[in-house]
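Undergrad:
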Amino acid sequence: MEYREQYDRYVSAVEETIERLLPQTERECPDVDGMIPAHLCKTMRYSLLAGGKRVRPVLLLAACDMLGGDIEQAKVPAAALEMIHTYSLIHDDLPGMDDDDYRRGRLTNHKVYGVGHAILAGDGLLNYAYECLLQNAMGHEENLKGHVLAAKAIAGRAGVSGMIAGQSLDLLSEHMPPDLNRLAYIHAHKTADLLTAPLLAAGCIAGADDAQFKALSKFGMCVGLAFQIDDDLLDVEGDAQLMGKRTGMDAQRGKMTWPALMGVEASRAKSRALWSEAEASLSCFGERAWFMHAFAGQLRERKN
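So this is what it looks like as structure tokens:
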């Protein structure tokens with residue numbers, strides 16, 4: 421099977437699962453427990469169904485496949501992970517954070533629905549993601565421990581010692597003197613943790629061994645760090661129309677980035693080294709890692 425065909429199959433599985441978990445609702449005051457009020461559902465769906473590459477859920481499904489796991493068991497965790505990622509984007513775009521007007525080529529959530537409703541949409545997606553993870557785990561009693569560990573891996577890397585920790589330090593570091601250790605911490609947690617989470621979650625569901633977990637963690641961390649450096653470079657050199665958002669914003673906000681700290685050429689060199697490390701970490705999986713190799717190659721060449 422060709423890479424693009426397989427990627428599209430994973431994306432379709434994610435989209436179908438999202439629609440099943442978060443269908444459009446019409447009642448503003450539901451009289452049935454568990455239903456989401458119409459306006460809240462609308463604001464959640466606005467950002468969750470705004471497109472995007474679905475990188476994180478695809479990673480989870482692909483890793484489960486590579487490990488010989490049951491991909492049906494991985495679909496809900498993959499969709500839940502995309503909810504968590506989407507909530508983080510909604511909150512990132514708020515005036516108190518990055519204050520962005522556009523995301524993926526259209527108005528950000530708070531520009532359409534207002535700041536209060538955008539906050540609630542993000543909160544809703546985060547909490548609903550964990551509802552879905554736990555409900556899914558309860559439906560797989562034969563692999564309950566694997567699903568609980570998968571949920572723990574996602575929660576830990578999305579939480580106060582993971583993505584949120586990185587975002588917090590990112591905010592605190594604005595307009596501060598460049599510091600390589602601080603920058604490495606920000607990148608490892610703000611970005612790489614949520615790219616490592618799907619790999620480890622897949623490992624938990626599929627029953628990976630210690631060596632496989634180590635390889636998955638290394639791949640995720642290297643991809644995450646390289647992805648963030650490339651993102652920093654795109655903010656300097658990218659096409660705003662192609663990217664669907666403003667460029668040059670890191671410098672305006674005084675963000676601590678690789679190009680600001682090390683320069684463009686050194687940043688490119690570091691990115692290339694990390695992508696090479698990522699691919700080398702897959703050696704223990706042999707030919708089963710063909711999709712992961714192609715995935716890394718495609719992500720490395722992205723322009724938006």
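Under this note's numbering, the letters of the sequence shown match residues 421 to 724, in that order.
Note that the Cβ used here is the ideal one computed from N, Cα and C, for glycine as well.
What you are looking at is a predicted structure, and each value in this text was computed from that prediction instead of being measured.
To the nearest angstrom, how far is the alpha carbon of Ala541 from that of Asp613?
TA: Using only the alpha carbons, I get a separation of about 22 Å.
Undergrad: From Leu702, Leu653, Ser701, pick the residue whose C-alpha is nearest to that of Met682; which is it?
TA: Selected option, being the one with the closest Cα: Leu653.
Undergrad: What does the alpha-carbon distance come out to for the pair Ile539 and Ser703?
TA: The straight-line gap from Cα to Cα measures roughly 42 Å.
Undergrad: Distance check for Pro515 and Ala635, CA to CA, integer angstroms please.
TA: Ala635 and Pro515: Cα-Cα distance of roughly 39 Å.
Undergrad: For Pro618 and Ala483, which I take to be in contact (beta-carbon distance under 8 Å), what is that distance rounded to the nearest angstrom?
TA: The pair is a contact, with the Cβ atoms about 7 Å apart (cut-off 8 Å).
Undergrad: Have a look at Glu657, Gly644, Leu481, Ala622 and flag the residue whose alpha-carbon is nearest the alpha-carbon of Leu694.
TA: The residue with the shortest Cα to Cα distance from Leu694 is Gly644.
Undergrad: Quick one: Cα of Met486 to Cα of Gly544, how far?
TA: The straight-line gap from Cα to Cα measures roughly 32 Å.
Undergrad: Reducing DSSP to helix, strand and coil, say where Arg722 ends up.
TA: Residue state, collapsed to three classes: coil.
Undergrad: Roughly how many angstroms separate the alpha carbons of Gly725 and Asp519, rounded to a whole number?
TA: Since the first residue shown for the chain is 421 and the last is 724, residue 725 is missing from the structure and cannot be characterised.
Undergrad: At a cut-off of 7 Å, is Lys531 close to the ligand COA when judged by its beta-carbon and the heavy atoms of the ligand?
TA: No copy of the ligand COA appears in this structure; indeed no ligand is present at all.
Undergrad: Suppose the cutoff is 8 Å on Cβ atoms and the five residues either side in sequence are ignored; what does the same chain contact list for Met676 look like?
TA: Closer than 8 Å at the Cβ level, and outside the excluded window around Met676, lie Asp590, Ser593, Glu594, Met596, Pro598, Asp599, Arg602, Leu603, Ile606.
Undergrad: Just confirm the distance between the C-beta atoms of Ala500 and Ala549, as a whole number of angstroms; I'd bet it's less than 8 Å.
TA: Indeed, because the Cβ distance is near 4 Å, the residues count as touching under 8 Å.
Undergrad: Determine the closest residue to His567 out of Phe711, Cys624, Cys552, Ser588, with distance taken between C-alpha atoms.
TA: The option with the nearest alpha carbon to His567 is Cys624.
Undergrad: Give every residue of the same chain whose Cβ lies closer than 6 Å to the Cβ of Tyr507, excluding the five residues on either side of it in the sequence, and list them in chain order.
TA: Taken in chain order, the residues that qualify are Gly542, Leu545, Leu546.
Undergrad: For Leu569 and Ala631, I'd like the C-alpha separation in whole angstroms.
TA: Straight-line Cα distance between these residues: approximately 17 Å.
Undergrad: Comparing alpha-carbon positions, which option in Gly534, His505, Asp650, Lys531 lies nearest Gly582?
TA: Selected option, being the one with the closest Cα: His505.
Undergrad: As a quick exercise: from Cys552, Thr616, Gly471, pick the residue whose alpha carbon is nearest that of Thr528.
TA: Here the closest residue by C-alpha is Gly471.
Undergrad: What alpha helix (DSSP H) runs, 4 residues minimum, are completely inside the region 424–512?
TA: Taking only runs of at least 4 residues, the alpha helix (DSSP H) segments lying wholly in the region 424–512 are 458–468, 475–486, 491–512.
Undergrad: Kindly indicate which three-state DSSP category Leu527 falls into: helix, strand or coil?
TA: DSSP places Leu527 in strand when its eight states are reduced to three.
Undergrad: Where Lys665 and Glu448 are concerned, what is the direct C-alpha to C-alpha distance, given to the nearest angstrom?
TA: The predicted position of Lys665 is uncertain, since its pLDDT is 48 and thus under 50; no value can be drawn from it.
Undergrad: Would Ser691 pass as a contact of Asp651 if the rule is Cβ separation under 8 Å?
TA: Contact: no.
Undergrad: Could you work out which residue in Leu468, Glu439, Ile574 is closest to Arg524 when comparing CA atoms only?
TA: Minimum Cα distance to Arg524 is reached at Leu468.
Undergrad: Below 8 Å between beta carbons: does that hold for Ala716 and Ala622?
TA: Not in contact: Ala716 and Ala622 (Cβ atoms no closer than 8 Å).
Undergrad: Just curious, the alpha helix (DSSP H) that Val535 is in, first and last residue?
TA: From DSSP, the alpha helix (DSSP H) with Val535 extends over 535–558.
Undergrad: Taking the alpha carbon of Ile584 as the reference point, which residue from His511, Asp629, Glu551 has its own alpha carbon closest?
TA: Cα-wise, what sits closest to Ile584 is His511.
Undergrad: With distance defined between alpha-carbon atoms, name the residue in Phe705, Glu721, Cys552 nearest to Glu439.
TA: When each option's Cα is compared against that of Glu439, the closest is Cys552.
Undergrad: Residues in the same chain with beta-carbon distance under 6 Å from Pro477, minus the five sequence neighbours each way, listed in chain order, please.
TA: Result list for Pro477: Val434, Ala498, Leu501, Glu502, in chain order.
Undergrad: Have a look at Gly586, Ala700, Tyr430 and flag the residue whose alpha-carbon is nearest the alpha-carbon of Arg474.
TA: Nearest C-alpha to Arg474: Tyr430.
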